[in-house]
Amino acid sequence: MSQTSLEAVLPLTPLQQGMLFHAQFDGGQTEGEDVDFYNVQTPLELVGALDTEVLRGSCAALLDRHGSLRAGFLRRRSGEAVQAIARTVEPHWEEVDFSGFGAEERRARLARFLTEDRARRFDMVRPPLLRFTLVRLAADRHVLVLTHHHILLDGWSVPLVLSDLFHLYRDGGTTENLAPAVPFADYLGWLSQQDGEEAEQAWRAALSDLDGPTLVAGGAGTGASDRGQRRVVVQLGEAATARIAEAARTRDLTVNTLVQGAWALMLTSLTGRRDVVYGNTVAGRPPQLAGSDRMVGLMINTVPARVRVDPAEPVARLLSRIQDEQTALSHHHHVGLADIHRAAGVPELFDTTLAFENFPVDQAVQGASVAGLTIGILRDAVEDTPEGTHYPLSLAVYPGEGLRFELNYRADVYTEPIATGILTRLCALLENMAARPELPAAQLPVWSDDELGDLLATSTGRSVAHAPRTLPDLFEEQVRATPEEIAVADATTTLTFGRLNAEANRLARLLRARGAGPGRLVAVALPRTTDAVTAILAVLKSGAGYLPIDAENPAERVAAICAEALPVLVLAAGPTAHILPDDVPALLMDTAELPDNASDLTDADRTGALRPADLAYVIYTSGSTGRPKGVAVEHRNLVNMFHSHRANYFEPERVRAGGRRLTAALTNSLGFDASWSQLLWMVAGHELRIVDDTVRKDALALVDHVADAAVDVLDTTPSVARQLLAAGMFAGERHRVRVLALGGEEVGEDLWAELRDVPGLSLYNLYGPAECTVDAMFCHADAAARPSLGGPADNTRVYVLDGFLRPVPVGVVGEIYIAGVGVARGYVGRPGLTGERF
64 MSQTSLEAVL
74 PLTPLQQGML
84 FHAQFDGGQT
94 EGEDVDFYNV
104 QTPLELVGAL
114 DTEVLRGSCA
124 ALLDRHGSLR
134 AGFLRRRSGE
144 AVQAIARTVE
154 PHWEEVDFSG
164 FGAEERRARL
174 ARFLTEDRAR
184 RFDMVRPPLL
194 RFTLVRLAAD
204 RHVLVLTHHH
214 ILLDGWSVPL
224 VLSDLFHLYR
234 DGGTTENLAP
244 AVPFADYLGW
254 LSQQDGEEAE
264 QAWRAALSDL
274 DGPTLVAGGA
284 GTGASDRGQR
294 RVVVQLGEAA
304 TARIAEAART
314 RDLTVNTLVQ
324 GAWALMLTSL
334 TGRRDVVYGN
344 TVAGRPPQLA
354 GSDRMVGLMI
364 NTVPARVRVD
374 PAEPVARLLS
384 RIQDEQTALS
394 HHHHVGLADI
404 HRAAGVPELF
414 DTTLAFENFP
424 VDQAVQGASV
434 AGLTIGILRD
444 AVEDTPEGTH
454 YPLSLAVYPG
464 EGLRFELNYR
474 ADVYTEPIAT
484 GILTRLCALL
494 ENMAARPELP
504 AAQLPVWSDD
514 ELGDLLATST
524 GRSVAHAPRT
534 LPDLFEEQVR
544 ATPEEIAVAD
554 ATTTLTFGRL
564 NAEANRLARL
574 LRARGAGPGR
584 LVAVALPRTT
594 DAVTAILAVL
604 KSGAGYLPID
614 AENPAERVAA
624 ICAEALPVLV
634 LAAGPTAHIL
644 PDDVPALLMD
654 TAELPDNASD
664 LTDADRTGAL
674 RPADLAYVIY
684 TSGSTGRPKG
694 VAVEHRNLVN
704 MFHSHRANYF
714 EPERVRAGGR
724 RLTAALTNSL
734 GFDASWSQLL
744 WMVAGHELRI
754 VDDTVRKDAL
764 ALVDHVADAA
774 VDVLDTTPSV
784 ARQLLAAGMF
794 AGERHRVRVL
804 ALGGEEVGED
814 LWAELRDVPG
824 LSLYNLYGPA
834 ECTVDAMFCH
844 ADAAARPSLG
854 GPADNTRVYV
864 LDGFLRPVPV
874 GVVGEIYIAG
884 VGVARGYVGR
894 PGLTGERF
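Numbering (this note's numbering), first residue to last: 64 to 901.
Encoded structure:
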């Protein structure tokens, strides 16, 4: 436009700055290119005799009346963005006639037109960024479609524009009976007079000590233009709305405050945070500026709303605090978000927004009668059109006889069922807040009973009853079933189940004579041979708990373990005796004389009865997160793991085709609790092949060993699995592993994908802390294209909870809580820590 055609050149409001940026750099700025998500469409149904020429003239008079509707937006050579107000502009006016079609065709064509119209971009430089289209459906029924760029008008302004338009229509297109318009330029002038330094200090203080942004999309961002916008809608009934309004009134709160509180609590559930921030869309119409409530323009702003949630704080107090804190900042609602980010020293604060519409369009025009016309919002069309937003979640709330909630969501982040669930839970949360304001915040339910039931069901493993047993019971049962089958072998020795059982019984009787029994511990510090497996079984048969000592540990760590666990005896051999502390009795297996009696021990042979609740072993953690802890695991814990593994891991047809016995490699350190995953294969009747230290620590040697020893089952870490792949584990025609279990580390997606493609391989991911008996969860590759912790083991419940101890939805970070038969007794000698963790 030429300089002579300009009425004024004005600055932009903070939100206009952001919208201009998106319009120019988020998909092009020429009409006809990609959809501008800030195009806003208002379809009005007009029923009655319509004077088309008067309506068109009224649209022109409307543009003459409000300079803000004649604005074009451009950048000067300096880069400064301005809005240039044209002296006069012709309205974009179109007429479309669908009246000659049948009812169904009319609806289809109208729907298609509305979609296409909303997709048409405005040229931001050429005003007006507002168009009028009159769609004729019948002689007495039309739809007037007003489509504008959001940079022109906020939600408060649209009803003002419509009111003026239909007053003009009533008066034949003249402005004589309308009060003078309040110029939008007055607001821009008021903005320029505000104390920016004081406002930024207020925002800096409000956002101090914030430990990070509140992001529901986990880094999906707010700028992609091809994401796709969708909307879900829920409307509360009149009775529920009245209860919420009454709850607000009796505590001197606004309904908006209750909605803000509910959204804040919902964000704690969606993000797992207690200190949440969201974008609060504020009216931005300062009461000290005369006529601000009648101005037409974009005066709204999106500012951060920070809510710190104390789980123990009553809801009523939380709501009062929210209202007080937001009121204190209301004088600074004009500050732009970029300036607030700069003041707070952070690049990002939130990726969700909330707008409570104080002046909804439909309340202003729905059912109005003007000059023989009855006016209404074409509600179906409005509901199908999501609000323009660059955020993953944007909530709009419309007051009325029934509170209306519209949740706009990005389809690349959320599905419709998830978005619907969020909105449904939000409404239920709001009703609960109104009904029970005395409750602590943490006790307000954020799930429906059905949703909570579904969450708990997926968190619960199979419930399977087993007879009370100990590990010696299980092993001896297997001995009776397959006495002549190979149980365990190393590089030089092979033991059948019968011979292994006899040797373990003889050693157990010697241990009994040296003080071993239920309630006591016997340490085992032996090289990786069949003797180590014999010793473990002997300790358990004696009734004592097994305490592994890794011979590669420093002597100081071994001494600290023995000083805390207090074993009555240490089983060692010549190569390992040097690491033992002097004050612990030692029994050297390579020189010990064993009794001749090789029969199974009974309680009469022990110092006391052996029960499922007695200790099976104590395993010490690595100490990577502090002082090593000795986890005390009972027989009942270990027996549950055995049954769960046998049903879900050892026995499935894909693993044990034809019922044949498999060969499992013992590659883990005996001082590592995951060694039990391998030892239990033997208890289940399979052959255990002990891999010595030289081989297990060399990928090439281990690959050769697996092939030469015909190993079927390998349990290792993902990092070792990568080395084995690189060493040719699944290359060539040699014998291949049939079962590969990963654990101890996070499994990368690339490794999981590569291993899933190996023909004939049954791939598992096993997960669990030592405190829950090795493996609390398992995942088979058939059930997961991407690596996952999978589902709970049998008789196990695994929950992901937030800081309020509430289950979190899928995709939200929380802390794992595990319950069930696998949970160990606690930490040896650490009652305080046991009370904290167990």
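Yeah, the Cβ is synthetic: ideal placement off N, Cα and C, and Gly gets one too.
Under a three-way DSSP split, which group does residue i fall into?
| i | result |
| --- | --- |
| D594 | helix |
| S68 | helix |
| R723 | coil |
| Y454 | coil |
| Q146 | strand |
| Q849 | According to the sequence displayed, residue 849 carries Arg and not Gln. Three-state DSSP puts R849 in coil, outside helix and strand. |
| E817 | helix |
| N319 | helix |
| E411 | coil |
| R204 | strand |
| N495 | helix |
| D258 | coil |
| I879 | strand |
| G898 | helix |
| N828 | strand |
| G324 | helix |
| S511 | coil |
Could you check the C-alpha separation between residue i and residue j for me, to the nearest Å?
| i | j | result |
| --- | --- | --- |
| T665 | P531 | 16 Å |
| D663 | F713 | 26 Å |
| M652 | R785 | 37 Å |
| T559 | S732 | 23 Å |
| R128 | D234 | 14 Å |
| D99 | T196 | 19 Å |
| G120 | A327 | 47 Å |
| R467 | Y680 | 59 Å |
| R799 | P832 | 30 Å |
| R306 | E817 | 57 Å |
| G806 | Q741 | 12 Å |
| E158 | D475 | 36 Å |
| T237 | F161 | 30 Å |
| M329 | R140 | 45 Å |
| E494 | R312 | 15 Å |
| A86 | Y101 | 8 Å |
| E94 | P480 | With a pLDDT of only 42 at E94, under the threshold of 50, the placement of this residue in the model should not be trusted; the figure read from the coordinates follows. For E94 and P480, the distance between alpha carbons rounds to 34 Å. |
Which residue or residues does DSSP assign as beta-bridge partners of residue i?
| i | result |
| --- | --- |
| D778 | A804 |
| W156 | F195 |
| F100 | BP columns for F100 are empty, so no partner. |
| V297 | F468 |
| Y683 | G693 |
| H212 | N102 |
| I902 | In the structure as shown, the chain starts at 64 and stops at 901, and residue 902 therefore has no counterpart that could be examined. |
| T859 | G883 |
Thinking C-alpha only, which one of the options is nearest residue i?
| i | options | result |
| --- | --- | --- |
| V694 | T836, D845, L826, G281 | T836 |
| R150 | F901, P191, T115 | P191 |
| V766 | V891, C842, G885, G791 | G791 |
| A601 | L634, G281, T545, S393 | L634 |
| W744 | V758, D274, R709, A166 | R709 |
| V551 | V754, T523, A491 | V754 |
| F136 | L73, A579, V159, E108 | L73 |
| T726 | S740, H749, W739 | H749 |
| A576 | A655, A588, A505, E501 | A655 |
| D775 | S825, G435, Y890 | S825 |
| L361 | L492, E260, S220, A310 | S220 |
| I440 | T416, T487, V206, V783 | V206 |
| R267 | V279, L534, I403 | I403 |
Could you check whether the Cβ of residue i sits closer than 7 Å to any heavy atom belonging to the ligand MN?
| i | result |
| --- | --- |
| V224 | For the structure depicted, the ligand MN is absent and the ligand set is empty, with no information on it obtainable. |
Counting only C-beta atoms, is residue i closer than 8 Å to chain C at any point?
| i | result |
| --- | --- |
| F538 | Structure shown: chain C not included; a single protein chain is present. |
Q) How do the segment 852–868 and the segment 697–706 stand: do at least 3 beta-carbon pairs fall below 8 Å, yes or no? A) Contact between the segment 852–868 and the segment 697–706 is present, with at least three C-beta pairs closer than 8 Å.
Q: Specify whether the segment 560–575 and the segment 769–788 touch according to this definition: at least 3 beta carbon pairs, one from each stretch, less than 8 Å apart.
A: Counting Cβ pairs under 8 Å, fewer than three are found: no touch.
Q: Would you check if there are 3 or more beta carbon pairs closer than 8 Å linking the segment 864–883 to the segment 806–825?
A: Result no; under three Cβ-Cβ pairs closer than 8 Å.
Q) If we count Cβ pairs, one from each stretch, closer than 8 Å, do we get three or more for the segment 348–359 versus the segment 297–313? A) The segment 348–359 vs the segment 297–313: no contact.
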